[in-house]
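Asker:
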Amino acid sequence: MTFPSDGVYNIRNVGRNLMLDLTSDSTAEGNQIQGYAKNGTVAQQWVIKKQNEPGSVNKTVSIQSNNNGNNGNGCFATVKQDSDEPVVYTRQAFIVDLVARADNTFTISYTLGNKNLVLSLPSASHSAVKLENHVKGTGHQHWEFTRVSNLQPIG
């Protein structure tokens, strides 16, 4: 299993075939992160940067929006670590674990907190990305990463 390296990616929910999307490409604090049909916009581009989390057996990364092309300028978060909690945009930095699955996909969970809670797109009719208790083999909890570009040099 090849883990994503530092770069800009589209992140697709396998079970719903929708992209991780910053609603209306808005960086307003608390803006909902959603699943949305692939449209090629920057709202669906996410900067992945490797982080060093001692003792983690998983790939520990930060995932930030790429909407201003500055190698990442905001992250996604939840108000609390609880099942069915909406995932929203924030300027605070959070790191997450990518847990590899046998089908070349990953589950995404927060490094600090309940490891059983993963990012999910639980409803086919409502596009809100939420935290959900992990259920093995559940496609709407699995995410596929497709590289869009390298990070841009700073300076």
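The sequence shown begins at 4 in the working numbering and counts up one residue at a time. Cβ atoms here follow ideal geometry from the backbone N, Cα and C, with glycine treated the same way. As the structure is a prediction and not an experimental result, all values here were calculated from the model.
In its own chain, which residues sit with a C-beta less than 7 Å from the C-beta of glutamine 35, not counting the 5 before and 5 after it?
Answerer: Numbered from 1 along the sequence shown, position 32 holds the residue referred to as residue 35. Same-chain partners within the cutoff: Thr26, Pro89, Val91, Ala131.
Asker: Specify the secondary structure class of threonine 44 as computed by DSSP and reduced to three states.
Answerer: Within the sequence shown, residue 44 is the residue found at index 41, counting from 1. In this structure, threonine 44 counts as coil in the three-state DSSP scheme.
Asker: Is it the case that the Cβ atoms of leucine 154 and valine 50 are separated by a distance below 8 Å?
Answerer: Residue 154 sits at position 151 when you count from the first residue of the sequence shown. Residue 50 sits at position 47 when you count from the first residue of the sequence shown. Result yes, Cβ atoms of leucine 154 and valine 50 sit closer than 8 Å.
Asker: Classify proline 3 as buried or exposed, calling it buried when 16 or more other Cβ atoms lie within 10 Å of its own Cβ.
Answerer: With the chain running from 4 to 158 in the structure shown, residue 3 is simply not present.
Asker: Leucine 154 lies in the beta strand (DSSP E); which residues open and close that run?
Answerer: Locating residue 154 in the sequence shown gives position 151, counting from the first residue. From DSSP, leucine 154 is part of no beta strand (DSSP E); its letter is neither H nor E.
Asker: Check the Cβ-Cβ distances between asparagine 70 and every residue of chain C, and say whether any is below 8 Å.
Answerer: Given the protein chain composition of this structure (a single chain), no chain C is represented.
Asker: Please confirm whether tyrosine 12 and phenylalanine 148 have their CB atoms less than 8 Å apart.
Answerer: Within the sequence shown, the letter at position 9 stands for residue 12. Within the sequence shown, the letter at position 145 stands for residue 148. Yes, the pair counts as a contact, with Cβ atoms nearer than the cut-off.
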